[in-house]
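A.B. asks: Here it is, the structure in full.
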């Protein structure tokens with residue numbers, strides 16, 4: 047039943063512009079770009095309140111997030127297998143960056 051619900055949701059979300067689809071393969075190819083994409087999606091804003099018009103996140107945010115991903119990778123704290131895990135969350139604190 048859980049799998050059926052997941053597939054139903056994916057079908058419904060496939061045509062919605064307010065849903066971002068990222069795969070593990072995209073993180074394997076380039077984790078920094080995948081996280082920047084995710085950050086843009088989460089931290090971006092609708093321009094003038096219009097849901098279809100989008101404005102990128104605050105200046106410098108994507109560079110900050112990229113630096114944190116690259117540091118976590120350099121320290122060996124970033125592992126992507128069948129799912130993503132971060133061993134040392136203190137090295138990759140996206141929440142504080144997004145709330146700044």
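Numbering (our numbering), first residue to last: 47 to 146. The beta carbon of each residue, even a glycine, is placed where N, CA and C say it ideally should be. Keep in mind that this is a model prediction, so the values were computed, not measured.
Can you give the Cα-Cα distance for residue 80 and residue 87, rounded to whole angstroms?
C.D. replies: Each residue's alpha carbon lies about 11 Å from the other.
A.B. asks: Is the segment 60-75 touching the segment 111-122, taking contact as three or more C-beta pairs under 8 Å?
C.D. replies: They do not touch, by the three-pair rule.
A.B. asks: Please return the same chain residues whose Cβ sits closer than 6 Å to the Cβ of residue 146, not counting the five positions on each side in sequence.
C.D. replies: Its pLDDT being 46, under 50, residue 146 is placed unreliably by the model, and the measurement read from it follows with that caveat. Nothing meets the Cβ criterion.
A.B. asks: Exposed or buried, what is residue 120 when buried is set at 16 or more other beta-carbons lying within 10 Å of its beta-carbon?
C.D. replies: By the 10 Å Cβ count, residue 120 comes out exposed.
A.B. asks: Return helix, strand or coil for residue 104, following the three-state DSSP convention.
C.D. replies: It is coil, neither helix nor strand.
A.B. asks: Using only CA atoms, which one of 117, 82, 116 lies nearest to residue 26?
C.D. replies: The structure shown does not extend to residue 26, since the chain is modelled only from 47 to 146, so the question has no answer here.
A.B. asks: Just mark residue 59 as buried or exposed, buried being the case when its beta carbon has 16 or more other beta carbons within 10 Å.
C.D. replies: So residue 59 ends up on the exposed side.
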